Amino acid sequence: MTVVFVGDTGTEIILDCGTALASATVRQVIARTPRGTKKTWTATQEGLNSIKYTTAAGDLDQPGEWRLQAYIEMPGWKGFGDVVSLTVKAAL
Numbered sequence: 073m074t075v076v077f078v079g080d081t082g083t084e085i086i087l088d089c090g091t092a093l094a095s096a097t098v099r100q101v102i103a104r105t106p107r108g109t110k111k112t113w114t115a116t117q118e119g120l121n122s123i124k125y126t127t128a129a130g131d132l133d134q135p136g137e138w139r140l141q142a143y144i145e146m147p148g149w150k151g152f153g154d155v156v157s158l159t160v161k162a163a164l
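In terms of this note's numbering, the sequence shown has 107 at position 35, counting the first letter as 1, and numbering is strictly consecutive.
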């Protein structure tokens, strides 16, 4: 895995949702910061089963363990993916 630092931009976060997403109308990455704040990032489809978000300025603003989860809405279904961890380190 790539090493990620506070303030990094252009880092691609890709979450495998385990199902075809072509009909999805909402694709989001829900992020819980180390301090407990919730952030919601709009994602795009990546391949058949995954979503991708590319970090922008101000997104990764705290060092520590971040928790990430996909949120998807499709006709007749909406729900969450597995929770994964991302370690964000402090730069010198």
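Backbone N, C-alpha and C fix where the C-beta goes; we use that ideal spot for every residue, glycine too.
Model, not experiment: these values are computed from the prediction.
Asked: Contiguous beta strand (DSSP E) assignments of at least 3 residues, all confined to the region 81 to 124; Found: 84 to 88, 98 to 104, 110 to 114, 116 to 118
Asked: Beta-carbon proximity of Ile-102 to Gln-141, cut-off 8 angstroms; Found: yes
Asked: Distance between Pro-147 and Arg-104 (C-alpha atoms, nearest Å); Found: 27 angstroms
Asked: Residues near Thr-116 by beta carbon distance below 6 angstroms, same chain, minus five either side; Found: Lys-124
Asked: From Lys-150, Thr-81, Leu-120, Thr-127, residue whose alpha carbon lies closest to that of Ala-94; Found: Leu-120
Asked: Straight-line gap, Glu-118 to Thr-97 (C-alpha atoms, nearest Å); Found: 14 angstroms
Asked: Leu-132 in three-state terms, based on DSSP; Found: coil
Asked: When Lys-111, Ala-129, Thr-109, Asp-154 are compared against Thr-91, the one with the closest alpha-carbon; Found: Asp-154
Asked: Limits of the unbroken beta strand (DSSP E) element including Val-78; Found: No beta strand (DSSP E) contains Val-78, which DSSP labels as neither H nor E.
Asked: Distance between Ile-144 and Gln-100 (C-alpha atoms, nearest Å); Found: 6 angstroms
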